[in-house]
Amino acid sequence: MSNVRVRFAPSPTGYLHVGGLRTALYNYLFAKKNNGTFILRIEDTDQKRFVAGAAENLIKTLSAMGIQHDEGIFLSGDTLISKGECGPYAQSERLEIYKTHIKKLIDSHKAYYCFCSVGRLAALREEQIQNKLSAKYDKFCLSLSPEAIEESLAANEPYVVRLNVDENRGDIVFEDTVRGKVTIHAKDVDDQVLIKSDGFPTYHLAVVIDDHLMGITHVIRGDEWISSTPKHVLLYEAFGWEAPVFAHLPLLLNPDKSKLSKRQGDVAAEDYLEKGYLKETLINFVALLGWNPGQGNTQEIFSLDELVERFDLAQVHKAGAVFDLKKLDWMNTEYVKRLTPEELYERGMPFLEVKEFYKAWNSQQSTINEEEKIEFVKRVLTIERERLTKLSDIGDNNPFFFVSELSYDAALLHWKQNAKEMTKEALEKAHKILSGLNDTDWVKKETIEKVLMEAAGEQRGDFLWPLRVALTGAQRSPSPFEVAWVLGKDASLKRLEKAIKLVS
RNA sequence: GGCCCCAUCGUCUAAUGGUUAGGACACCAGGUUCUCAUCCUGGUAACAGGGGUCCGAUUCCCCUUGGGGCUACCA
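The following block contains the structure:
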């Protein structure tokens, strides 16, 4: 396939919906796979729904996800700019184009003026539903004489322009790459409004004109559009244009199987980023909602490059897919585990530095310099890495790293029913061993582990439990070796001394 | 109400005209282990129902049921 051109064309209503993210991703993957062009167009024909900054936000989120378009609207600093031969790429800037095109349709009687009031339309609709008919316009204004139309236009009466669907034209059939053949009877297709009374086009008109003029070869979009596709097919016919290939993607669903909605959880892609899910996770996860590599391949972890290589529209599913947070969490832990300590530091720090316990700790560290702080945090993250689900969880399970003075119940120091003396003995032994280690020994946590394990011998619990509690003050925590390694010699010994005092 | 679409474990899904219907998440049990997490092992769990076609259907066709989408001068 050559010269593939696809587009993602969101309407700027606030944020990037995760369903939109998947649509964008599939378009991107399909384009890359076929050496094609991926275009970003903004569908802002509904002035009532205009949200300031939404387009900018959309572009930012897409690029934060690593889905980069080749053509269309881009962000340059804070301003939106167009790149490409087929602009402008915001529909609100293409009004003249729609006007000249609708003129052709009206002249050829493929479209007509309609002056009906919303009141009449509503009554008509109600009556039709009452009579168990499909609700559609009754073509009342199609029989208006040219003179009557002229008169109304001259009188500045509000009007819309409708598509003139020929009821006798027979079935409208189109081939959908994921659905197969889709058939609908012409009599079931409504005379869709093409131009609204505010002069703006509806989605249906704009999408067809733009897709054609922008040379779009494949329309890959959500399943909610499949029932209006016949209207688009009719429009391509009316204009005498060749229709692109359609591929309608299965919907993303709430746990109750309804269309994924704000009401039942987060739907904004950026919210997941803010919660500390990695972009790699989100891309991977969403890619697998409705697609899989097939051929019995059970791989679940895919990089963006791997997805580009494997992606195939033929493997896209028909049925909707529930957005399962549990599996998302699992996948994120997989990706977090794959990060190096340096990467984890870079990406995790923004989540840590806003936390109160971190800020408090940070302001108390007068004795160490910035570099030492960074090294300390990196050590914390090295330990936390395999216990983290989301980056926003950083530090939450191990508060003892970021306090200068531990506070806990002395009874916690005793392993099982062990006597005070045993605990004290263990703590003193640990203190002796740790104070005997030199700076080089502290560099590697394995070294610390080795000497402590040797000292523990057979009675691990007797020795390790008091030590771990002394270092953490917590019932649950990483191993004492790891904690000691993170804290360093001075802090570790100080905490042991305090514990010894507590059991004395 | 009308039109359209869909249907394998709870969830994401694989495979197949003849299989013990596979994997992953979640869940449960066991192991490793000083605790937590990780890790390892095992387990529970699905072809919506009814008709066809066929030697044989989870697989192909039809119907039913269920679910969903659309039904705006929103996209």
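The numbering used here puts the first residue of the first sequence at 52, with every later residue one more than the last.
Glycine is no exception: its CB is placed at the ideal position from the N, C-alpha and C atoms.
Simplified DSSP assignment, three categories, for residue i
{"i": "A481", "result": "helix"}
{"i": "A284", "result": "In the sequence as displayed, the identity of residue 284 is Val instead of Ala. If DSSP states are grouped into helix, strand and coil, V284 belongs with the helices."}
{"i": "Y164", "result": "strand"}
{"i": "T491", "result": "helix"}
{"i": "L131", "result": "strand"}
{"i": "T88", "result": "strand"}
{"i": "R145", "result": "coil"}
{"i": "G512", "result": "helix"}
{"i": "D121", "result": "coil"}
{"i": "I200", "result": "helix"}
{"i": "I277", "result": "helix"}
{"i": "M52", "result": "Here the model assigns M52 a pLDDT of 45, short of 50, so the residue's position is not dependable, and the following value carries that caveat. M52: coil per DSSP, three-state reduction."}
{"i": "W466", "result": "coil"}
{"i": "L245", "result": "strand"}
{"i": "D222", "result": "strand"}
{"i": "L193", "result": "helix"}
{"i": "F59", "result": "strand"}
Residue i to residue j span [Cα, whole Å]
{"i": "G123", "j": "A535", "result": "54 Å"}
{"i": "N335", "j": "H482", "result": "47 Å"}
{"i": "G250", "j": "E147", "result": "10 Å"}
{"i": "F452", "j": "F362", "result": "44 Å"}
{"i": "S543", "j": "L333", "result": "39 Å"}
{"i": "S555", "j": "W381", "result": "45 Å"}
{"i": "L358", "j": "Y409", "result": "38 Å"}
{"i": "D356", "j": "G327", "result": "22 Å"}
{"i": "R92", "j": "E393", "result": "37 Å"}
{"i": "I419", "j": "L324", "result": "32 Å"}
{"i": "N219", "j": "I132", "result": "45 Å"}
{"i": "G138", "j": "G273", "result": "24 Å"}
{"i": "G446", "j": "T391", "result": "17 Å"}
{"i": "C192", "j": "Q350", "result": "58 Å"}
{"i": "E208", "j": "A186", "result": "25 Å"}
{"i": "K281", "j": "A365", "result": "Note on identity: in this sequence residue 281 is Pro, with Lys being the wrong assignment. When rounded, the distance between both Cα atoms is 22 Å."}
{"i": "S354", "j": "W342", "result": "15 Å"}
{"i": "R430", "j": "E533", "result": "9 Å"}
{"i": "L553", "j": "I484", "result": "20 Å"}
{"i": "D242", "j": "K134", "result": "35 Å"}
{"i": "G539", "j": "E456", "result": "15 Å"}
{"i": "H120", "j": "P531", "result": "49 Å"}
{"i": "L403", "j": "L547", "result": "27 Å"}
{"i": "T293", "j": "E275", "result": "A small correction: the amino acid at residue 293 is Glu; Thr does not occupy that position in the sequence shown. Roughly 23 Å separates the two Cα atoms."}
Exposure of residue i, with buried meaning 16 or more beta-carbon neighbours within 10 Å
{"i": "V428", "result": "buried"}
{"i": "M504", "result": "exposed"}
{"i": "D222", "result": "exposed"}
{"i": "L522", "result": "buried"}
{"i": "V454", "result": "exposed"}
{"i": "Q510", "result": "exposed"}
{"i": "N54", "result": "exposed"}
{"i": "A519", "result": "For clarity, residue 519 is Arg in the given sequence; the question names Ala instead. Buried: at least 16 other Cβ atoms inside 10 Å."}
{"i": "P529", "result": "buried"}
{"i": "L67", "result": "buried"}
{"i": "M52", "result": "Reliability fails at M52, whose pLDDT of 45 lies under 50, so the model's placement of it is uncertain and the value that follows must be treated cautiously. By the 10 Å Cβ count, M52 comes out exposed."}
{"i": "L264", "result": "exposed"}
{"i": "P306", "result": "exposed"}
{"i": "P401", "result": "exposed"}
{"i": "V537", "result": "buried"}
Under 7 Å between C-beta atoms of residue i and residue j
{"i": "Q142", "j": "A257", "result": "yes"}
{"i": "V102", "j": "T74", "result": "no"}
{"i": "A298", "j": "T234", "result": "no"}
{"i": "L464", "j": "G371", "result": "no"}
{"i": "N383", "j": "T433", "result": "no"}
{"i": "E107", "j": "L126", "result": "yes"}
{"i": "G512", "j": "Y459", "result": "no"}
{"i": "L329", "j": "V318", "result": "no"}
{"i": "V244", "j": "H269", "result": "no"}
{"i": "A23", "j": "L488", "result": "Nothing in the structure corresponds to residue 23, since the chain is present only between 52 and 555."}
{"i": "P252", "j": "Y188", "result": "no"}
{"i": "T498", "j": "D490", "result": "no"}
{"i": "L112", "j": "A320", "result": "Correcting the residue type first, residue 112 is Thr in the shown sequence and not Leu. It is a contact, given that the beta carbons lie within the stated cut-off."}
{"i": "H152", "j": "I260", "result": "yes"}
{"i": "E331", "j": "Y254", "result": "no"}
{"i": "E94", "j": "A60", "result": "yes"}
Would you check if the stretch 173 to 180 and the stretch 198 to 218 touch, i.e. whether three or more CB-CB distances between them fall below 8 Å? No, they do not touch.
Tell me, please, whether the stretch 71 to 85 touches the stretch 281 to 294 by the rule of three or more beta-carbon pairs shorter than 8 Å. At 8 Å Cβ cutoff, the stretches do not touch.
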